[in-house]
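Trainee: Sending over a structure as structure tokens; questions will come in a sec.
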Amino acid sequence: MMGRRLFLAGGGMLCGCAGAVHQVPPVTGTQLGLAQAEVAEAGGAPIRRPVSERDAQAMMRSALARIRPSATRLCQEMAVGVCRWEVRTSRDRTLNAGAGGDGRIVINQGIMEYAANEEEVALVIGHEMGHHAANHVANSGDARAIGSMIGAAVMAAATLAAAASGPVSARAARRSVESGANLGGAVGRLAFSKEQEREADYLAAAILYRAGVDLGKARGFLVTMARLSGRMETGILDSHPAGPERVAGWDEAMRDLARSNGALPPRRGV
Ligand SMILES: [Zn+2]
Numbered sequence: 461m462m463g464r465r466l467f468l469a470g471g472g473m474l475c476g477c478a479g480a481v482h483q484v485p486p487v488t489g490t491q492l493g494l495a496q497a498e499v500a501e502a503g504g505a506p507i508r509r510p511v512s513e514r515d516a517q518a519m520m521r522s523a524l525a526r527i528r529p530s531a532t533r534l535c536q537e538m539a540v541g542v543c544r545w546e547v548r549t550s551r552d553r554t555l556n557a558g559a560g561g562d563g564r565i566v567i568n569q570g571i572m573e574y575a576a577n578e579e580e581v582a583l584v585i586g587h588e589m590g591h592h593a594a595n596h597v598a599n600s601g602d603a604r605a606i607g608s609m610i611g612a613a614v615m616a617a618a619t620l621a622a623a624a625s626g627p628v629s630a631r632a633a634r635r636s637v638e639s640g641a642n643l644g645g646a647v648g649r650l651a652f653s654k655e656q657e658r659e660a661d662y663l664a665a666a667i668l669y670r671a672g673v674d675l676g677k678a679r680g681f682l683v684t685m686a687r688l689s690g691r692m693e694t695g696i697l698d699s700h701p702a703g704p705e706r707v708a709g710w711d712e713a714m715r716d717l718a719r720s721n722g723a724l725p726p727r728r729g730v
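In the numbering used here, the protein residues as written are 461 to 730.
So this is what it looks like as structure tokens:
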């Protein structure tokens with residue numbers, strides 16, 4: 461199991477960066493404070509908008525088509541991970557998505573139901589592509605091969621009871637991904653390190669930036685997740701990136717990418 465370091469509350473964060481390919485720029489305490497205030501101000505639970513299976517698929521495919529070319533190029537530039545992805549939707553209405561072996565990506569219908577626009581769906585797909593591009597899936601080890609769980613902390617609210625009943629075996633978790641069934645089977649387990657999650661968010665931002673997708677619009681999805689995660693009891697959140705941190709990280713990524721015009725940050729150990 462890869463080493464993991466905890467974030468320092470308030471004064472920014474320490475990046476141990478275990479398992480990450482790049483040195484993702486750190487978030488300042490000020491940025492985190494702003495994100496926390498924004499999420500608090502946004503208040504209660506975001507609205508779920510029922511979407512038919514057909515519409516969910518169409519939305520996912522449209523978002524995918526916009527980012528796949530730039531994502532593939534970015535992945536080839538990184539040259540460490542899997543760059544051929546099989547992306548599909550699952551009928552699961554929980555707010556989650558996952559990356560599995562062999563370039564597989566599953567986007568739950570619940571993602572489309574909470575997404576305010578196509579850009580937000582693109583963020584989620586880009587995040588999963590980022591896990592593959594940085595080879596997090598292969599590096600996560602057998603027990604964690606299940607994938608990323610972009611919204612695991614959030615989704616946990618709906619499946620808390622199931623999670624509390626005991627850990628889910630890696631095999632069962634993999635099976636659930638393979639069947640496209642409930643990704644929530646792995647709730648309570650940290651699929652990737654926090655550093656890998658931060659990197660996947662950064663890579664998603666880079667993919668969207670290069671594809672000309674509005675990062676400001678896509679950002680709404682992280683706010684939505686933060687609003688939902690803020691309504692949870694502690695526990696599961698201890699092992700997942702907290703909501704406002706991801707919003708602040710996205711803001712820093714936006715600034716960084718604007719400065720570099722979409723270039724990737726330096727690699728670790730370089
Ligand atoms: Zn992830």
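Cβ coordinates follow ideal geometry from the N, Cα and C atoms, glycine included.
Would you identify the three-state DSSP class for valine 683, choosing helix, strand or coil?
Mentor: Here residue 683 corresponds to residue number 223 of the sequence shown, with the count starting at 1. Three-state DSSP puts valine 683 in a helix.
Trainee: Using a Cβ-based criterion (distance less than 6 Å to any ligand heavy atom), does glutamate 657 qualify as near ligand 1?
Mentor: Locating residue 657 in the sequence shown gives position 197, counting from the first residue. Indeed, a heavy atom of ligand 1 lies less than 6 Å from the Cβ.
Trainee: Give me the Cα-Cα distance between glutamate 578 and valine 540, rounded to the nearest whole angstrom.
Mentor: In the sequence shown, residue 578 corresponds to position 118, counting from 1. In the sequence shown, residue 540 corresponds to position 80, counting from 1. Cα-Cα distance, rounded: 28 Å.
Trainee: Measuring alpha carbon to alpha carbon, tell me which residue in Gly590, Leu688, Ala718 is nearest leucine 534.
Mentor: On the sequence shown, position 74 is the one that residue 534 refers to. When only C-alpha atoms are compared, the closest one is Gly590.
Trainee: Have a look at valine 481 and alanine 576 and give me their C-alpha separation to the nearest angstrom.
Mentor: Residue 481 sits at position 21 when you count from the first residue of the sequence shown. Residue 576 sits at position 116 when you count from the first residue of the sequence shown. Going from the Cα of valine 481 to the Cα of alanine 576 covers about 31 Å.
Trainee: Could you compute how far the alpha carbon of glutamine 569 sits from the alpha carbon of alanine 686?
Mentor: Position 109 of the sequence shown, counting from 1, holds the residue named residue 569. Position 226 of the sequence shown, counting from 1, holds the residue named residue 686. Distance between the alpha carbons of glutamine 569 and alanine 686 is about 19 Å.
Trainee: Between which two residues does the alpha helix (DSSP H) holding threonine 490 run?
Mentor: Here residue 490 refers to the residue found at position 30 of the sequence shown. Threonine 490 -> alpha helix (DSSP H) spans 489–502.
Trainee: Tell me which residues share the same chain as arginine 728 and place their Cβ nearer than 8 Å to its Cβ, disregarding the 5 neighbours each side in the sequence.
Mentor: Along the sequence shown, one-based indexing puts residue 728 at 268. For arginine 728, where only same-chain residues beyond five positions count, the Cβ hits under 8 Å are Cys477, Ala480, Val481, His482, Gln483.
Trainee: Inspect the beta-carbon positions of isoleucine 567 and methionine 520 and report whether they are closer than 7 Å.
Mentor: Here the question's residue 567 lines up with position 107 in the sequence shown. Here the question's residue 520 lines up with position 60 in the sequence shown. Yes.
Trainee: Cβ of alanine 660 within 6 Å of any heavy atom in ligand 1?
Mentor: In the sequence shown, residue 660 corresponds to position 200, counting from 1. Yes.
Trainee: Can you round the beta-carbon distance between isoleucine 527 and isoleucine 585 to whole angstroms, since I take them to be within the 8 Å contact cut?
Mentor: Indexing the sequence shown from 1 puts residue 527 at position 67. Indexing the sequence shown from 1 puts residue 585 at position 125. Yes, they are in contact, since the Cβ atoms of isoleucine 527 and isoleucine 585 sit about 6 Å apart, within 8 Å.
Trainee: Give me the DSSP bridge partner(s) of histidine 482.
Mentor: In the sequence shown, residue 482 corresponds to position 22, counting from 1. The partner list for histidine 482 (beta bridge, DSSP) reads Arg727.
Trainee: Mind checking who threonine 549 pairs with in its DSSP beta bridge?
Mentor: Residue numbering aside, residue 549 sits at position 89 when the sequence shown is read from its first letter. DSSP output for threonine 549 lists Ile567 as bridge partner(s).
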